[in-house]
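Colleague:
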Amino acid sequence: MTSETQARGREDGPLKGDDVEIRIRDGKPWYSGEVFSDWLSVDVKRSMISASGSFSIKAAHRRPWPLRPEVSVAIRVAGESIMEGFVDGLTSKVSGSSTALAFTGRDNTAALVDCSATNEPGEWRGLTVRQILEEIAKPFDVPISAQGDRGSTAADVMPVFKLQPGERAWNAIERITRQKGLMAYAYGDGTLRLARVGETWSDIELVEGERGNVLSSSIAWTHADRFSTIIVRGQSAGSDDGWGSGALEPEGTAVDELVSRHRPLIILASGQITSADARLQAEWESSVRAA
Numbered sequence: 217m218t219s220e221t222q223a224r225g226r227e228d229g230p231l232k233g234d235d236v237e238i239r240i241r242d243g244k245p246w247y248s249g250e251v252f253s254d255w256l257s258v259d260v261k262r263s264m265i266s267a268s269g270s271f272s273i274k275a276a277h278r279r280p281w282p283l284r285p286e287v288s289v290a291i292r293v294a295g296e297s298i299m300e301g302f303v304d305g306l307t308s309k310v311s312g313s314s315t316a317l318a319f320t321g322r323d324n325t326a327a328l329v330d331c332s333a334t335n336e337p338g339e340w341r342g343l344t345v346r347q348i349l350e351e352i353a354k355p356f357d358v359p360i361s362a363q364g365d366r367g368s369t370a371a372d373v374m375p376v377f378k379l380q381p382g383e384r385a386w387n388a389i390e391r392i393t394r395q396k397g398l399m400a401y402a403y404g405d406g407t408l409r410l411a412r413v414g415e416t417w418s419d420i421e422l423v424e425g426e427r428g429n430v431l432s433s434s435i436a437w438t439h440a441d442r443f444s445t446i447i448v449r450g451q452s453a454g455s456d457d458g459w460g461s462g463a464l465e466p467e468g469t470a471v472d473e474l475v476s477r478h479r480p481l482i483i484l485a486s487g488q489i490t491s492a493d494a495r496l497q498a499e500w501e502s503s504v505r506a507a
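Just so we're on the same page, this note's numbering is the position in the sequence shown counted from 1, plus 216.
Written as structure tokens, this is what we have:
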């Protein structure tokens with residue numbers, strides 16, 4: 217199920233133009249960046265199931281263009297950072313007396329989506345998920361943040377993790393987080409955030425009606441990508457502490473109680489995995505597909 221909701225961001229009503237602040241950082245701290253005041257409208261899109269958020273800025277037409285590709289931009293609403301990223305491109309249209317100027321871009325994590333991970337030798341042993349993510353994201357200047365100690369506990373240690381030839385950074389990040397039942401997503405402060413699926417809920421209630429905070433909403437409900445049972449299977453090297461089929465052929469299962477038909481899905485883990493990790497990955501798959 218997917219949903220889209222527009223809500224008021226303040227208790228005293230809809231946001232006003234003065235609540236929105238855009239600064240051209242260009243490598244500078246937020247407070248010293250140049251304020252961009254020529255904007256006419258701003259559209260920011262973020263999602264916990266997206267590796268990178270996006271923004272679109274419509275501005276008053278003038279030369280020289282106030283923004284250009286590769287310039288870093290920070291957007292705040294009511295004092296809260298909702299986007300820190302880079303301009304990808306611009307469009308300029310002039311027709312008679314009509315002019316239009318628009319800038320589009322994505323947040324800092326877009327580089328992880330677009331580019332390959334080039335770490336050498338590209339293999340880590342005995343590090344936590346967060347430590348490995350920090351190594352992958354460091355060349356792109358993308359900090360890693362986390363909800364509590366997610367990705368840093370003893371259970372999040374990877375015996376071994378290896379990049380695949382030419383693998384994009386985000387694909388590697390998704391492989392490792394999925395294996396440990398974690399989720400990585402673009403956060404509003406320019407970091408890549410680590411969290412666990414379904415552990416916390418928003419403390420802001422959405423209320424419809426004239427006195428509510430919901431301006432508009434839409435819902436699309438489908439079970440096309442949901443399964444009654446998800447089984448994750450893999451392989452693991454034997455050790456003095458673990459042996460037999462349970463250790464060498466680990467398996468984890470998650471059940472979606474809302475799927476009444478027989479719809480099983482078997483997923484083969486991409487690397488070595490334990491039975492506990494297989495269960496976490498199965499639960500991750502089931503939770504994300506149900507979101």
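Cβ coordinates follow ideal geometry from the N, Cα and C atoms, glycine included.
With three or more C-beta pairs closer than 8 Å as the rule, is the region 261 to 270 touching the region 234 to 241?
Modeller: No: the two stretches stay apart, fewer than three of their Cβ pairs being nearer than 8 Å.
Colleague: Output the distance between the C-alpha atoms of Ala485 and Gln451, rounded to the nearest integer angstrom.
Modeller: As a working note, residue 485 is residue 269 in the sequence shown. As a working note, residue 451 is residue 235 in the sequence shown. Approximately 8 Å between the Cα atoms of the pair.
Colleague: What separation, rounded to the nearest whole angstrom, lies between the Cα atoms of Asn335 and Gln363?
Modeller: By one-based count along the sequence shown, residue 335 stands at place 119. By one-based count along the sequence shown, residue 363 stands at place 147. Answer to the nearest angstrom: the Cα atoms are 26 Å apart.
Colleague: Could you give the C-beta distance for Leu328 and Ala411, rounded to a whole number, given that I count them as a contact under 8 Å?
Modeller: Residue 328 sits at position 112 when you count from the first residue of the sequence shown. Residue 411 sits at position 195 when you count from the first residue of the sequence shown. Their Cβ separation, rounded to whole angstroms, is 17 Å, which puts Leu328 and Ala411 out of contact at 8 Å.
Colleague: Using the C-alpha atoms, what's the distance from Leu474 back to Gly425?
Modeller: The residue given as residue 425 occupies position 209 in the sequence shown. The residue given as residue 474 occupies position 258 in the sequence shown. Gly425 and Leu474: Cα-Cα distance of roughly 30 Å.
Colleague: Grab the span of the beta strand (DSSP E) containing Arg391 for me, first residue to last.
Modeller: Counted from its first residue, the sequence shown places residue 391 at position 175. That residue, Arg391, is in no beta strand (DSSP E); its alpha helix (DSSP H) goes Ala385 to Gln395.
Colleague: Suppose the cutoff is 6 Å on Cβ atoms and the five residues either side in sequence are ignored; what does the same chain contact list for Pro359 look like?
Modeller: Here residue 359 is taken as the residue at index 143 of the sequence shown, counted from 1. Only Thr407 meet the Cβ criterion.
Colleague: Less than 7 Å between the beta carbons of Phe271 and Met299, yes or no?
Modeller: Translated into the one-based positions of the sequence shown, residue 271 becomes position 55. Translated into the one-based positions of the sequence shown, residue 299 becomes position 83. For Phe271 and Met299, yes; Cβs fall inside 7 Å.
Colleague: Starting from the C-beta of Tyr401, find all residues in its chain whose C-beta is less than 6 Å away, skip the five residues before and the five after it, and write them out in chain order.
Modeller: For the purposes of this step, residue 401 is identified with residue 185 of the sequence shown, where counting begins at 1. So the qualifying residues of the chain are Met264 and Arg409.
Colleague: Does Arg394 pass the burial test, meaning 16 or more other C-beta atoms within 10 Å, or should it be called exposed?
Modeller: Numbered from 1 along the sequence shown, position 178 holds the residue referred to as residue 394. Counting Cβ neighbours within 10 Å, Arg394 comes out buried, since at least 16 surround it.
Colleague: Taking the alpha helix (DSSP H) that Gln540 falls in, what are its first and last residues?
Modeller: The requested residue 540 is not part of the displayed model; the chain covers only 217 to 507.
Colleague: Going by the beta-carbon positions, is the gap between Ile483 and Val448 smaller than 7 Å?
Modeller: Here the question's residue 483 lines up with position 267 in the sequence shown. Here the question's residue 448 lines up with position 232 in the sequence shown. Going by C-beta atoms, Ile483 is nearer than 7 Å to Val448.
Colleague: Just the C-alpha distance for Trp281 and Val287, rounded to the nearest angstrom, thanks.
Modeller: Working through the sequence shown from its first residue, we reach residue 281 at position 65. Working through the sequence shown from its first residue, we reach residue 287 at position 71. One C-alpha to the other measures close to 12 Å.
Colleague: Which residues does DSSP pair with Thr315 in a beta bridge?
Modeller: Working through the sequence shown from its first residue, we reach residue 315 at position 99. Bridge partners of Thr315: Val310.
Colleague: Report the option in Ala326, Pro375, Ile389 and Val251 whose CA atom is closest to the CA atom of Ile291.
Modeller: Walking along the sequence shown from the start, residue 291 turns up at place 75. Here the closest residue by C-alpha is Val251.
Colleague: For Gly312, count the other beta carbons within 10 Å of its own beta carbon; 16 or more makes it buried, fewer makes it exposed. Which is it?
Modeller: Here residue 312 corresponds to residue number 96 of the sequence shown, with the count starting at 1. Answer is exposed; the Cβ neighbour count stays below 16.
Colleague: For Ala494 and Met399, I'd like the C-alpha separation in whole angstroms.
Modeller: As a working note, residue 494 is residue 278 in the sequence shown. As a working note, residue 399 is residue 183 in the sequence shown. Approximately 15 Å, taken between the alpha carbons.
Colleague: Using the Cα positions of Met374 and Thr490, report the straight-line distance between them to the nearest angstrom.
Modeller: Working through the sequence shown from its first residue, we reach residue 374 at position 158. Working through the sequence shown from its first residue, we reach residue 490 at position 274. Approximately 10 Å between the Cα atoms of the pair.
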